[in-house]
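Q: Which chain is which? The protein sequence lines are A and B, in order.
Numbering-wise, this note's numbering puts 85 at position 85 of the first sequence, and it's gapless, one number per residue.
If you want this note's numbering, it's the position in the second sequence, counting the first as 1, plus 1000.
Don't be surprised by glycine CBs; every beta carbon is placed ideally from N, CA and C.
It should be emphasised that the depicted structure is a prediction, and the values quoted were computed from it without experimental measurement.
There are 2 protein chains.
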Amino acid sequence: MESAAIPQSSARKGYHHGNLTEALVAAAVALIEESGVEALSVREVAKRAGVSPGAPFRHFESRTALLTAVAEQAMDRFAAAVEQALDHWPENDPVGALRAMGRAYLRWATDNPVHFRVISSRQLIDFSGSARMAGQNAALQETMRLWIERARSGNAFRSGLDTELILLSSRAFVYGLARMWCDDHLRDWHGNRDPKDALTASLDAFIEGLLRAA
Amino acid sequence: MESAAIPQSSARKGYHHGNLTEALVAAAVALIEESGVEALSVREVAKRAGVSPGAPFRHFESRTALLTAVAEQAMDRFAAAVEQALDHWPENDPVGALRAMGRAYLRWATDNPVHFRVISSRQLIDFSGSARMAGQNAALQETMRLWIERARSGNAFRSGLDTELILLSSRAFVYGLARMWCDDHLRDWHGNRDPKDALTASLDAFIEGLLRAA
DNA sequence: ACGCCAAGTAATCGCTGATTACATAACGTG
DNA sequence: CACGTTATGTAATCAGCGATTACTTGGCGT
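(1) Kindly indicate the opening and closing residues of the alpha helix (DSSP H) around A/Trp-147.
(2) Please list the segments of the alpha helix (DSSP H) lying wholly inside the segment 45-116 of chain A, counting only runs of 4 or more residues, in order along the chain.
(3) Quick one: does B/Leu-1210 have its CB under 8 Å from some CB of chain A?
(4) What did DSSP end up calling A/Leu-199 once you bin it into helix, strand or coil?
(5) Can you check DSSP and say which residues form a bridge with A/Phe-157?
(6) Specify the secondary structure class of B/Ile-1119 as computed by DSSP and reduced to three states.
(7) Residues of chain A with CB under 9 Å from B/Asp-1076, in chain order?
(8) With C-beta atoms as the reference, is A/Ala-74 less than 8 Å away from A/Leu-20?
(9) Answer with buried or exposed for B/Ala-1198, where buried requires no fewer than 16 other C-beta atoms within 10 angstroms of its C-beta.
(10) For A/Gly-209, which option in B/Arg-1179, B/Ala-1027, B/Ile-1166 has the closest C-alpha, if you only look at C-alpha atoms?
(11) Name the chain A residues whose beta carbon is nearer than 8 Å to that of B/Ala-1191?
(12) Cα separation between A/Tyr-105 and B/Glu-1033?
(13) Do B/Arg-1212 and B/Asn-1155 have their C-beta atoms closer together than 8 Å?
(14) What is the DSSP secondary structure of A/Ser-128, counted as helix, strand or coil?
(15) Determine, using beta carbons only, whether A/Tyr-105 comes closer than 8 Å to chain B.
(16) Would DSSP call A/Pro-7 helix, strand or coil?
(17) Quick one: Cα of B/Val-1114 to Cα of B/Cys-1182, how far?
(18) First and last residue of the alpha helix (DSSP H) that includes B/Val-1029?
(19) Grab me the residues of B/Arg-1103's own chain with a C-beta within less than 8 Å of its C-beta, minus the 5 sequence neighbours each way, in chain order.
(20) Look up B/Arg-1179 in the DSSP assignment and say whether it is helix, strand or coil.
(21) Whose C-alpha, out of A/Asp-188, A/Glu-149, A/Val-174, is nearest the C-alpha of A/Asp-162?
(22) Give the single residue among B/Ala-1134, B/Val-1070, B/Met-1180, B/Arg-1077 whose Cα lies nearest to the Cα of A/Asp-188.
(23) Would you kindly check if the distance between the Cβ of A/Val-51 and the Cβ of A/His-16 is under 8 Å?
(24) When we look at the beta-carbon of B/Ala-1080 and count the other beta-carbons within 10 Å, is it buried (16 or more) or exposed?
(25) Under the three-state reduction of DSSP, which class applies to A/Arg-171: helix, strand or coil?
(26) For A/Met-1, which of helix, strand or coil comes out of DSSP?
(27) Would B/Val-1070 and B/Val-1029 be called neighbours here (beta carbons separated by less than 8 Å)?
(28) Going straight from the alpha carbon of A/Ser-130 to that of A/Trp-89, what length do you get?
(29) Which same chain residues end up closer than 8 Å to A/Leu-37 when comparing Cβ atoms and leaving out the 5 residues on each side of it in sequence?
(30) What's the C-alpha gap between A/Ala-49 and A/Glu-72?
(31) Below 6 Å CB to CB, which residues in the same chain sit around B/Pro-1195 once its five sequence neighbours on both sides are set aside?
(32) Using a 10 Å radius around the Cβ and a threshold of 16 neighbouring Cβ atoms, would you call B/Ala-1205 buried or exposed?
(33) Taking 8 Å as the threshold (beta carbon to beta carbon), is A/Leu-161 in contact with chain B?
(34) For A/Gly-129, which residues in chain B fall below 9 Å Cβ to Cβ?
(35) If you run the structure through DSSP and keep just helix, strand and coil, what is B/Leu-1165?
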């Protein structure tokens, strides 16, 4: 969408491209968004960047490495979206914070289904080879843990739920909702609500289930 | 496992194979289990079945069609495993039935991670082209709905939760746990419990969260 | 001005999915 | 039993893919 930020192939100053690395990632992002991960080919990316089929391998060791770079970029956007939702959130409303996190998570995933699949797979990309992704993933989990512990300190949750269990359950639940959307499990959705609203309602109900009964 | 059921290439009676269709699916299943979906190639499958590279296309329109057949077979096993867990389950214990369903679901997914990914994707296979998969999927959901409604009749759940919401939430939760496992999100698991036990504990806690407080 | 070296190209390899023309064997029918 | 039809295999081939290699280009520091 912000195509102004994408280095155009017209930026080529002659024999050399200018900033081929970024241009390749941008082209890959666009291609993936159009046709899905499976359709991503190095040659097509090269063609879109206006270079020869072998050129990308000067900048990326393999197709997987290119895809990993795309994932890193997507992960940045994802993490930013989630963390932005928590900006200046009052410490005395940890349950609200967790709900806001979940909503931002779901919104990003439903808005960027293909890229969500990319960043959440460990098969498509070289996750362990990307310290950046691992770090951002860990940071996100730490943020969750922080707010969960704040909520526990405030005695918000039912008894018998330790932090690890709540963290795992919350991750699983929001991941499940997001992936159901991305994996098209709601194609034949015949509930009353709009599917996206159903996701939100489901999230709210889940959090309610964690809380101490009023 | 039950390699006796697999039509051996030695069953070839001469020029014709005997039952190449089944042999191809069996070879594909084995290959996928060994090396993952992405590594599945029609040629390799043909080689394992002892036929020429083009032969499979007499039985499957495309690589995707072959993969869909594999998914159908896996879906059969998956559905059987889940439904078997409910065999003769007493109607007056619907919550127990739902828990048993969830456990059987999780067990199959963790025991067959690669095939679980295959059957739960809508990108790898031609889901809408397989009435069999769609049917079995729908049947599974109907079974869930049945037990949920029984539990609701018994006033087991918290107020404010309609059947659709519980069904969606339950699907999402168990799908999330299963996919976290299959997508290797628990690689860096550092909790106290064994990861598989953590999944079960998480499932139990989720169900507890649906119930009316004692 | 010169030479080094990053970053392109061109050509090629082996593998893939898919298609075509052809060969073989199994089967039903007179 | 002979014969033609049809299902099912082979062989050859195509285009597209990731990846590697040898070569070429041109920008930058000394």
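A: Put simply:
(1) 131-153
(2) 63-84, 94-111
(3) yes
(4) helix
(5) A/Leu-211
(6) helix
(7) Going along chain A, no residue has its Cβ under 9 Å from B/Asp-1076, so there is no contact; the nearest lies around 19 Å.
(8) no
(9) buried
(10) B/Ile-1166
(11) What sits at residue 1191 of chain B in the sequence shown is Gly, not Ala. Glu-164, Leu-168, listed in chain order.
(12) 32 Å
(13) yes
(14) coil
(15) no
(16) Any reading at A/Pro-7 needs caution, since the residue's pLDDT is 43, under 50, leaving its predicted position unreliable; the model's value is listed next. Residue state, collapsed to three classes: coil.
(17) 7 Å
(18) 1020-1035
(19) Ala-1085, Thr-1200, Leu-1203
(20) helix
(21) A/Glu-149
(22) B/Ala-1134
(23) no
(24) exposed
(25) helix
(26) Since pLDDT at A/Met-1 reaches only 39, below the 50 mark, its modelled position is unreliable, and the value read off the structure follows with that caveat. Coil, per DSSP.
(27) yes
(28) 30 Å
(29) Contrary to the premise, residue 37 of chain A reads as Val rather than Leu in this sequence. Hits under 8 Å: Leu-67, Val-114, Arg-117, Val-118, Leu-124.
(30) 20 Å
(31) Leu-1186, Trp-1189
(32) buried
(33) yes
(34) Those do not exist, as A/Gly-129 stays about 13 Å from chain B at its closest Cβ, beyond 9 Å.
(35) helix
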